[in-house]
Amino acid sequence: MQIANRFTRAWLALAVPLLAVACSKGETTIPDAEILGYVPADTPYVFAALETAPDEVADKMGENATRIVKAYATVLKAALNEPPAEGQEPVLQPEERKRVSAILEELAAMVTPEGVPEAGIDRHSQMALYGVGLLPVLRVTLSDAAKFEAFLKRMEERAGKAMSVGSIDGHAYRYAGGESAKVILAVLEDQLVATFVPAALPEDLMKRVLGLTLPESSIADTDELAALAKKYGFTAYGLGLVDVQRIAATFLDQQSGVNESLLALMEHDRSELSDVCRDEIRAVAGLVPRVVTGYTEMTAEQIRSNSVFELRSDIAAGLQTITAPVPGLGQPHDALFSFGMSFDLPALRDFYAARLDAMEADPFECELFADLQDGVAKSRQALQQPVPPFVNDFHGFLAVIDDIQGLDIATRQPPTDIDMRFLISAANAPSLLAMGAMFSPQLASLDVKPDATPVRIELPPNGSPITSAWIAMSNDGIALAVGDGMETGLADMLSAASTEPSPFVSMDVDAARYYGFLGDVLESSQVGDDGERRASPETAAATGNLMRSLESMFDRITVDVQFTPQGIEMPSTMVLAK
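Number 292 in numbering that gives the first Met the number 0 belongs to position 293 of the sequence shown; there are no gaps in the numbering.
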């Protein structure tokens, strides 16, 4: 039973990413997909991939997925065979490890750019992960249901033990689990259904979870996903939501059906919450009513996505005031790594003060929020502390590492040369520099004018990888550079345009070099600085190889955090390797 259960989890872990990447740029419309008819209109969460990617996208992603899945399987096998820590029992016995390793090998060997055709899953398969109540259901359309049944039998043979078989309304299903809960796999006509349910779930509710009884109203009837796609530009190749208020209501309100059975399994008793607590928890859930996510573009060159924490309108409006312009923040830098933040400190203080005002005017009475409410007075005192004027002028920073040379993780060789730039954005940069000069005689000796002209900083000969340093200033920024020739980029850094609106956080990384660096770290992590073994040579090599696979897949990755009228948005771009 344990082997069958582990096999089920392993298969799901491999199958879901393969279906999720079947995405590409398209119109923000949602097709009339039959699979959505099984998703209840009041589902608390759903993610769906409903359309097929163009061939050039599927080919490229499929080839990468094949390589990554094989590397991932190798990592799992190495982890299974990792010797246990001293005094601990192994997770699996030798015979079990052998069987699970064999299953992983066969699963990885089946993954192709076309999908997993030997299991009846191809490029045209659709996927939906959703909740019937809080119970998770994965539904996948199959190109050939008979092939999937044959695939399951092969896996059971490799596991050395078949899953248990049940029947409901004339439909057979496989299951694994214990007395309290079980995992179910069912092939119903041309669809795979996988779910996790309480073992004592009544038959009529089981039929609802498996989709043998359709919901009275489905998400296809409400067009909720279509509205989501239109609002945020999500494509039908991958989009979804988590409804925080619906999830909260499950624990706050009297439930029936599948949620009643699940909460009984969890031993949740809503009567333990007072009416005041229920009302206040509901109000807190209303601060972030939904989290939504989806792909906005996927081509053979790049993948764009966005995740949004939707906020109550007044909170969203308040957050929009706390960022400030920072030259170059949110712009591409074509460097090894860049990271920056922007903030208007007076506006941030005002926003925080407004939150404290609200908590004082209408304090929490629920005991669950007692610590939070008790902290209001201390927070108010902290806000009343005087702040030096130059601090309020500070608008943010941007660090750009252009290159690192000579770093060798395997031999613990530190870098021999670093090229980087660092910018401080301020409303009155000359005043900020003058303040710094009061504490640094060397800085005071420099003749730095707000004309973006680089001035060399003399460095002591201490064997540091930093061989030269420069400083330049404009009226609203101070820029530093280290590395030979890096001073030539300071003027452009100071004069760079600011993104409108300015992101709160922006990060851009050379993904190929980043994953290569991680590969070096993981491959050399067998022994820690304290001399203790961190991983076996096999596990270190396998995890390093996984990073190498990702290194060959991506070129650059960019992630921003933005405050918008909708809330907190996190757009990202992954540029694929050529």
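Positions of the beta carbon are idealized from the N, C-alpha and C atoms, including for glycine.
Threonine 212 and threonine 295 - do their beta-carbons sit closer together than 8 Å? Against the sequence shown, residue 295 aligns to sequence position 296. Against the sequence shown, residue 212 aligns to sequence position 213. No; because the gap between Cβ atoms is not below 8 Å, this pair is not in contact.
Limits of the unbroken beta strand (DSSP E) element including serine 341: For the purposes of this step, residue 341 is identified with residue 342 of the sequence shown, where counting begins at 1. From DSSP, the beta strand (DSSP E) with serine 341 extends over 336 to 341.
Three-state secondary structure assigned by DSSP to phenylalanine 308: The sequence position of residue 308 within the sequence shown is 309, counting from 1. In the three-state scheme derived from DSSP, where H, G and I count as helix and E and B as strand, phenylalanine 308 is classed as strand.
Assuming leucine 128 contacts leucine 134 under a Cβ cut-off of 8 Å, what Cβ separation, rounded to an integer in Å, is found between them? Start at 1 with the first residue of the sequence shown, and residue 128 comes out as number 129. Start at 1 with the first residue of the sequence shown, and residue 134 comes out as number 135. Leucine 128 to leucine 134, Cβ: 12 Å. No contact.
Could you check the C-alpha separation between leucine 545 and valine 74 for me, to the nearest Å? One-based indexing of the sequence shown puts residue 545 at position 546. One-based indexing of the sequence shown puts residue 74 at position 75. Straight-line Cα distance between these residues: approximately 7 Å.
For the candidate residues Ala511, Leu432, Pro385 and Pro564, whose alpha-carbon lies nearest to that of threonine 557? Along the sequence shown, one-based indexing puts residue 557 at 558. When each option's Cα is compared against that of threonine 557, the closest is Ala511.
Just to confirm the assignment, what range does the alpha helix (DSSP H) spanning serine 548 have? The sequence position of residue 548 within the sequence shown is 549, counting from 1. Run containing serine 548: 536 to 550, per the alpha helix (DSSP H) assignment.
Quick one, are the C-beta atoms of serine 255 and serine 571 less than 8 Å apart? Locating residue 255 in the sequence shown gives position 256, where the first residue counts as 1. Locating residue 571 in the sequence shown gives position 572, where the first residue counts as 1. Against a cut-off of 8 Å, the Cβ pair of serine 571 and serine 255 comes out as no contact.
When you compare the CB positions of threonine 322 and phenylalanine 562, do they come within less than 8 Å of one another, or not? Looking up residue 322 in the sequence shown gives position 323. Looking up residue 562 in the sequence shown gives position 563. Taking 8 Å as the Cβ cut-off, threonine 322 and phenylalanine 562 qualify as a contacting pair.
Is the Cβ-Cβ distance between methionine 126 and alanine 47 less than 8 Å? For this step, residue 126 is matched to residue 127 along the sequence shown. For this step, residue 47 is matched to residue 48 along the sequence shown. In contact: methionine 126 and alanine 47 (Cβ atoms closer than 8 Å).
When you compare the CB positions of asparagine 474 and alanine 428, do they come within less than 8 Å of one another, or not? Taking the first residue of the sequence shown as 1, we reach residue 474 at position 475. Taking the first residue of the sequence shown as 1, we reach residue 428 at position 429. Yes, they are a contact pair.
Buried or exposed by the 16-neighbour rule on C-beta atoms within 10 Å, applied to alanine 198: Against the sequence shown, residue 198 aligns to sequence position 199. Residue burial is scored here from C-beta neighbours: alanine 198 has fewer than 16 other C-beta atoms within 10 angstroms and is therefore classed as exposed.
Reduced DSSP secondary structure (H/G/I, E/B, other) of alanine 193: Along the sequence shown, one-based indexing puts residue 193 at 194. Collapsing the DSSP output to three states places alanine 193 in a strand.
Is isoleucine 102 near alanine 158, with beta carbons less than 8 Å apart? Counted from its first residue, the sequence shown places residue 102 at position 103. Counted from its first residue, the sequence shown places residue 158 at position 159. Between isoleucine 102 and alanine 158, the gap from beta carbon to beta carbon is short of 8 Å.
Provide the residue(s) that pair with aspartate 333 in DSSP beta bridges, ordered along the chain. Translated into positions along the sequence shown, residue 333 becomes position 334. DSSP lists no beta-bridge partner residue for aspartate 333.
Helix, strand or coil at lysine 577 according to DSSP, with G and I counted as helix: Taking the sequence shown and counting its residues from 1, the one referred to as residue 577 is at position 578. Looking at lysine 577 - three-state DSSP - the assignment turns out to be coil, as it is neither helix nor strand.
Grab me the residues of asparagine 4's own chain with a C-beta within less than 7 Å of its C-beta, minus the 5 sequence neighbours each way, in chain order. To locate residue 4, count along the sequence shown from 1; it is residue 5. In this predicted model, asparagine 4 has a pLDDT of only 40, less than 50, meaning its place in the structure is not dependable; the value taken from the coordinates is given anyway. Only residues of its own chain outside the window of five on either side were considered, and among them Ala175, Gly176 and Val182 have a CB closer than 7 Å to the CB of asparagine 4, listed in chain order.
Assuming leucine 103 is part of the alpha helix (DSSP H), what are its boundary residues? The sequence position of residue 103 within the sequence shown is 104, counting from 1. In this chain, the alpha helix (DSSP H) harbouring leucine 103 covers 93 to 109.
Let me know the secondary structure DSSP gives glutamine 404 once reduced to three states. In the sequence shown, residue 404 corresponds to position 405, counting from 1. If DSSP states are grouped into helix, strand and coil, glutamine 404 belongs with the strands.
For alanine 451, collect the residues of the same chain with a Cβ closer than 6 Å to its Cβ; drop the 5 residues on either side in sequence, then sort them by chain order. Against the sequence shown, residue 451 aligns to sequence position 452. Correct list, in chain order: Ala471, Ser473, Ala490 and Leu493.
Does the stretch 338 to 356 come within contact of the stretch 380 to 392, defined as at least 3 CB pairs closer than 8 Å? Between the stretch 338 to 356 and the stretch 380 to 392 there are three or more inter-stretch CB-CB distances shorter than 8 Å, so the stretches are counted as touching.
Spatial neighbours of glutamine 190 in its chain, beta-carbon cut-off 7 Å, leaving aside the 5 residues before and after: As a working mapping, residue 190 is identified with position 191 in the sequence shown. Excluding positions up to five away in sequence, the list reads Arg138, Val139, Thr140 and Leu141.
So tyrosine 579 is in the alpha helix (DSSP H); what residue range does that whole segment cover? The chain is shown only over 0 to 577; residue 579 falls outside these bounds and no answer can be derived.
Is glycine 36 helix, strand or coil by DSSP? Your numbering for residue 36 matches position 37 in the sequence shown. Note: glycine 36 maps to helix in three-state DSSP.
Using three-state DSSP, classify glutamine 412 as helix, strand or coil. Mapped onto the sequence shown, residue 412 falls at position 413. DSSP, read as helix, strand or coil, puts glutamine 412 in strand.
Reference proline 449, options Leu458, Ala425 and Phe438, closest by Cα: Here the question's residue 449 lines up with position 450 in the sequence shown. Nearest C-alpha to proline 449: Ala425.
Do three or more CB pairs link the stretch 496 to 504 to the stretch 310 to 329 at distances below 8 Å? By the Cβ test, the stretch 496 to 504 is in contact with the stretch 310 to 329, since at least three Cβ pairs between them sit closer than 8 Å.
According to DSSP, is alanine 300 part of a helix, a strand, or is it coil? On the sequence shown, position 301 is the one that residue 300 refers to. The residue you asked about is not alanine; residue 300 is glutamate in the sequence shown. The answer is coil: DSSP assigns glutamate 300 none of H, G, I, E or B.
At which residues does the beta strand (DSSP E) containing arginine 66 begin and terminate? As a position in the sequence shown, residue 66 is number 67, starting the count at 1. Note, arginine 66: premise wrong, no beta strand (DSSP E); alpha helix (DSSP H) at 54 to 79.
Beta-carbon gap between valine 275 and cysteine 365 smaller than 8 Å: For the purposes of this step, residue 275 is taken as the residue at position 276 of the sequence shown. For the purposes of this step, residue 365 is taken as the residue at position 366 of the sequence shown. Yes, Cβ-Cβ distance for valine 275 and cysteine 365 is below 8 Å.
Do you know offhand how far histidine 394's Cα is from alanine 495's? As a working note, residue 394 is residue 395 in the sequence shown. As a working note, residue 495 is residue 496 in the sequence shown. Rounded to whole angstroms, histidine 394 to alanine 495 spans 15 Å at the Cα level.
Between the stretch 479 to 488 and the stretch 308 to 322, can you find at least three pairs of beta-carbon atoms closer than 8 Å? Fewer than three beta-carbon pairs drawn from the stretch 308 to 322 and the stretch 479 to 488 are found closer than 8 Å, and the two stretches are therefore not classed as touching.
Using a Cβ-Cβ cut-off of 8 Å (strictly less than) and excluding sequence neighbours within five positions of methionine 265, which residues of its own chain qualify? Taking the first residue of the sequence shown as position 1, residue 265 is located at position 266. Within the same chain, methionine 265 has no close Cβ partners at all.
Which complete beta strand (DSSP E) runs does the stretch 156 to 223 hold, if anything under 3 residues is left out? Counting only runs of 3 or more, we get 163 to 167, 170 to 176, 180 to 187 and 190 to 197.
Tell me which residues share the same chain as valine 399 and place their Cβ nearer than 7 Å to its Cβ, disregarding the 5 neighbours each side in the sequence. Mapped onto the sequence shown, residue 399 falls at position 400. Answer for valine 399: His332, Ala334, Ser337, Met419 and Arg420, listed in chain order.
From threonine 51 to alanine 57, what distance separates their C-alpha atoms? The sequence position of residue 51 within the sequence shown is 52, counting from 1. The sequence position of residue 57 within the sequence shown is 58, counting from 1. If I take the Cα positions, the gap works out to 8 Å.
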